[in-house]
Amino acid sequence: MQLKLAVLKMSLHKRIIPCLDVDNGRVVKGINFVNIVDAGDPVEVAKRYDDEGADEIAFLDITATHQGRKTIIDIVEKVASEVFIPLTVGGGVSDYDDVLNLLSAGADKVAINSASVLNPDLINKVTDKIGRQCIVAAIDVKQNDKKTWNVFTHGGRKSTQLDAVEWAKEINQRGAGEILLTSMDRDGTRKGFDLDLLQTISNEVSIPVIASGGAGKLEHLKDAILHGKADAVLAASIFHYSIYSIKDVKDYLKSNGVLVRI
Amino acid sequence: MADIVIIDYGMGNVHSVFKALDKIADKRSHVKISNSLEEIKKSSHIVFPGQGAASECMLNISRYLDVTEFKKIINKKPFLGICMGLQVLMTASEENNGADCLDIIDGRVCSFENRIQDNYKIPHMGWSEVMQTREHPIWNNIPDKSFFYFVHSYFVDINEQDNILSKTSYGLEFTSSLFKNNIVAVQFHPEKSSSNGLRLLENFIKWDGQI
């Protein structure tokens with residue numbers, strides 16, 4: 013029975029999601045949330061990823077200023093007019109209106125991070141009104157001395173008392189459609205995903221978990237899926253700097269027995 | 493050359509569909525978002541998207557459009573239903589304790605819940621293979637078993653097997669697209685299915701409604 017279930021679970025295709033960090037209208041990539049460098053025009057980069065076979069594209073707005081926030085709506089509009097695969101947009105989403113504005117600009121899913129910690133009812137409100145498929149709960153976590161994980165907000169700058177596992181269960185309950193789980197310890201390091209973290213959370217929730225933070229080699233992505241039980245893998249720098257193409261990743265995963273869309 | 497109307501009846505985001513059609517339509521074609529019966533009558537092609545619950549969808553159709561008139565128009569020119577725009581063509585839905593639908597195609601809307609194993613998450617959200625079960629102009633240049641993007645918690649079960657255009661497997665095998673005369677309807681989202689999706693939309697706007 014155990015084996016049969018495992019086989020059935022494998023029959024769902026795993027998704028590869030390139031992530032574009034956007035600051036004032038440009039794609040950038042930092043290491044451990046700092047040291048930002050420019051990596052191109054969002055529309056051009058998104059088009060390239062679509063051509064290479066990305067299953068979705070994620071945009072994370074890391075602009076700190078209010079004025080800059082308006083540019084992300086503009087970017088989503090432009091990308092949605094040129095790229096026809098699902099788009100997830102997050103970063104600084106603070107209330108219901110922000111969610112609606114991003115969805116009408118062309119986002120298919122909106123990632124909510126700090127706002128869901130400050131006001132968890134926001135998740136219920138959006139999913140009740142628009143449906144759970146459009147809400148991605150983004151959780152940034154860091155391991156503590158007790159070898160468990162704490163939730164951080166505000167782009168990793170503020171720590172909370174929340175335990176990552178308990179928090180993941182709660183937002184699952186509240187109606188989030190998926191969880192985007194970022195290990196801050198691994199983000200930008202290219203040393204591999206935190207597999208313990210991934211597996212622990214995947215086992216506790218019924219919604220898909222997207223692994224993020226630490227992709228550097230092809231086997232890291234395979235491990236996140238096969239050992240971490242992730243339903244999707246998100247990566248930024250390995251794609252931006254053409255260390256691997258999306259196709260390289262998918263060919264590799266396929267040859268290692270992971271079902272992917274090719 | 494086509495005059496395409498996307499019907500906006502307050503059931504979800506029509507802009508993605510607009511952007512995709514606008515991208516593929518040739519220069520002499522026009523793409524419009526509207527809910528006016530006059531505009532719909534004047535158009536050459538109708539696209540009918542939608543998300544959400546069947547009962548609310550029916551309510552909104554009757555709020556924005558004259559249902560009897562609308563049903564007459566549906567039967568006249570190339571018509572493409574997408575997602576809820578497919579489901580609402582059925583006789584009835586088991587959603588909300590059995591809501592009546594438009595009854596254009598003999599079939600019903602069924603929930604995945606309690607019909608598939610627990611490890612299949614609901615909604616069915618993601619890329620799945622579409623197995624073409626018969627030829628149709630909308631499949632031009634689209635290989636069998638191509639991937640399309642799905643987001644849905646309900647599927648349709650139709651009585652006339654000859655009307656099925658494709659099947660897809662997600663815990664069970666369901667009808668992922670169908671046709672009847674001038675009507676085609678798809679459960680997946682061509683506007684989010686990359687090049688295959690755009691090709692399907694292009695095939696639709698080139699179609700004259702004849703089989």
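Chains as they are written, first to last, in this note's numbering: chain A, 13 to 274; chain B, 493 to 703. Cβ atoms here follow ideal geometry from the backbone N, Cα and C, with glycine treated the same way. Just so we're clear, the structure is a prediction, and the values are computed from it rather than from any experiment.
Practice prompt. Note down, in chain order, every chain B residue with its Cβ under 7 Å from the Cβ of D11(A).
Written response: Nothing can be reported for residue 11(A), as the shown portion of chain A is limited to 13 through 274.
Item to complete: Determine which residues of the region 56-82 of chain A have a Cβ less than 7 Å from any Cβ of chain B, and write them out in chain order.
Response: Closer than 7 Å at the C-beta level to chain B, one finds these residues of the region 56-82 of chain A: D62, D67.
Practice prompt. Pull up the distance between the alpha-carbon of W179(A) and that of E64(A), whole angstroms please.
Written response: Against the first sequence, residue 179(A) aligns to sequence position 167. Against the first sequence, residue 64(A) aligns to sequence position 52. Going by C-alpha positions, W179(A) is about 35 Å away from E64(A).
Fill in: R27(A): contacting residues in chain B (beta-carbon distance under 8 Å)
Taking the first sequence and counting its residues from 1, one reaches residue 27(A) at position 15. By Cβ distance, chain B contributes G618, W619.
Practice prompt. List the endpoints of the continuous alpha helix (DSSP H) containing F696(B).
Written response: The residue given as residue 696(B) occupies position 204 in the second sequence. Note, F696(B): alpha helix (DSSP H), 686-698.
Discussion item. What does the alpha-carbon distance come out to for the pair Q14(A) and S128(A)?
Written reply: Along the first sequence, read from residue 1 onward, the residue named residue 14(A) stands at position 2. Along the first sequence, read from residue 1 onward, the residue named residue 128(A) stands at position 116. Below a pLDDT of 50, predicted positions are generally treated as unreliable, and Q14(A), at 45, falls in that range; no measurement from the model is reported.
Item to complete: Assign R169(A) to one of two classes, buried (16 or more other C-beta atoms within 10 Å of its C-beta) or exposed (fewer than that).
Response: Here residue 169(A) refers to the residue found at position 157 when the first sequence is read from its first residue. Counting Cβ neighbours within 10 Å, R169(A) comes out exposed, since fewer than 16 surround it.
Worksheet item: Do the region 53-63 of chain A and the region 151-158 of chain A meet, that is, are 3 or more Cβ pairs less than 8 Å apart?
Response: At 8 Å Cβ cutoff, the stretches do not touch.
Discussion item. Against chain A, with Cβ distances strictly below 8 Å, would N655(B) count as a contact?
Written reply: As a first step, residue 655(B) must be located in the second sequence, where it is residue number 163. Output row for N655(B): interface = no.
Worksheet item: From N606(B) to L112(A), what distance separates their C-alpha atoms?
Response: Mapped onto the second sequence, residue 606(B) falls at position 114. Mapped onto the first sequence, residue 112(A) falls at position 100. Between N606(B) and L112(A), the alpha-carbon positions lie close to 32 Å from each other.
Discussion item. For chain A, check one thing: does any of its Cβ atoms lie closer than 8 Å to the Cβ of Y646(B)?
Written reply: As a working mapping, residue 646(B) is identified with position 154 in the second sequence. Proximity of Y646(B) to chain A, defined by a Cβ-Cβ separation below 8 Å, is not satisfied.
Item to complete: With a floor of 3 residues, list each beta strand (DSSP E) that falls wholly inside the region 92-163 of chain A, ordered by position along the chain.
Response: Runs of the beta strand (DSSP E) spanning 3 or more residues and lying entirely within the region 92-163 of chain A occur at 99-102, 121-124, 147-155, in chain order.
Worksheet entry | CB contact check: Q14(A) to chain B, cutoff 8 Å | Mapped onto the first sequence, residue 14(A) falls at position 2. Residue confidence is low: Q14(A) scores 45 on pLDDT, short of 50, so the model does not pin down where it sits. Its coordinate-derived value is still stated next. Put simply, the CB of Q14(A) is far from chain B, with every gap to its CB atoms at 8 Å or more.
Worksheet item: For K229(A), which option in F71(A), F205(A), R186(A) has the closest C-alpha, if you only look at C-alpha atoms?
Response: Counted from its first residue, the first sequence places residue 229(A) at position 217. Shortest Cα-Cα distance from K229(A) to any of F71(A), F205(A), R186(A) involves F205(A).
Worksheet item: Roughly how many angstroms separate the alpha carbons of D518(B) and S93(A), rounded to a whole number?
Response: Residue mapping note: residue 518(B) aligns to position 26 of the second sequence, counting from 1. Residue mapping note: residue 93(A) aligns to position 81 of the first sequence, counting from 1. About 16 Å.
Practice prompt. Starting from the beta carbon of S116(A), find every residue of chain B whose beta carbon is closer than 9 Å, and list them in chain order.
Written response: As a first step, residue 116(A) is located in the first sequence; it is residue number 104 there, counting from the start. The answer, in chain order, is N505, H507.
Worksheet item: Does the pairing of the region 125-140 of chain A with the region 93-112 of chain A give three or more beta-carbon distances under 8 Å?
Response: The answer is yes - the region 93-112 of chain A touches the region 125-140 of chain A, with three or more Cβ pairs under 8 Å.
Worksheet item: Quick one, are the C-beta atoms of E577(B) and F640(B) less than 8 Å apart?
Response: Translated into the one-based positions of the second sequence, residue 577(B) becomes position 85. Translated into the one-based positions of the second sequence, residue 640(B) becomes position 148. In the sequence under discussion, the amino acid at residue 577(B) is Gly, which differs from the Glu named in the question. Taking 8 Å as the cut-off, the Cβ atoms of G577(B) and F640(B) do not count as close.
Fill in: Neighbour-count burial assignment, Y275(A), 16 or more Cβ in a 10 Å radius
Residue coverage of chain A in this structure runs from 13 to 274, which leaves residue 275(A) outside it and unanswerable.
Worksheet item: Between V19(A) and S547(B), what straight-line distance do the alpha-carbon atoms span, to the nearest angstrom?
Response: Position 7 of the first sequence, counted from the first residue, corresponds to residue 19(A). Position 55 of the second sequence, counted from the first residue, corresponds to residue 547(B). For V19(A), the pLDDT reaches just 42, beneath the cut-off of 50, and the residue's location in the model is therefore unreliable, although a value from the coordinates is still provided. Approximately 37 Å between the Cα atoms of the pair.
Worksheet item: Which bits of chain A does L690(B) rub up against, with CB to CB less than 7 Å?
Response: Counting from one through the second sequence, the residue named residue 690(B) turns up at place 198. Around L690(B), the beta-carbon contacts reaching into chain A at under 7 Å are F96.
Worksheet entry | Pairwise C-alpha distance: H522(B) and Q145(A) | On the first sequence, residue 145(A) is found 133 positions in, with the first residue counted as 1. On the second sequence, residue 522(B) is found 30 positions in, with the first residue counted as 1. Cα to Cα, the separation comes out at about 31 Å.
Fill in: Cβ-based neighbour list, V177(A), same chain, cut-off 8 Å, excluding 5 preceding and 5 following
Taking the first residue of the first sequence as 1, we reach residue 177(A) at position 165. Hits under 8 Å: T160, W161, T212, I213, E216.
Worksheet item: Are the Cβ atoms of S668(B) and Q653(B) separated by less than 8 Å?
Response: Along the second sequence, read from residue 1 onward, the residue named residue 668(B) stands at position 176. Along the second sequence, read from residue 1 onward, the residue named residue 653(B) stands at position 161. Cβ atoms of S668(B) and Q653(B): not closer than 8 Å.
Worksheet item: Can you tell me where the alpha helix (DSSP H) with P54(A) in it begins and where it stops?
Response: As a first step, residue 54(A) must be located in the first sequence, where it is residue number 42. DSSP places P54(A) inside the alpha helix (DSSP H), whose first and last residues are 54-64.
Practice prompt. Check whether the Cβ of G544(B) lies closer than 8 Å to any Cβ atom in chain A.
Written response: Counting from 1 along the second sequence, the entry for residue 544(B) is found at position 52. Cβ-Cβ to chain A under 8 Å: yes for G544(B).
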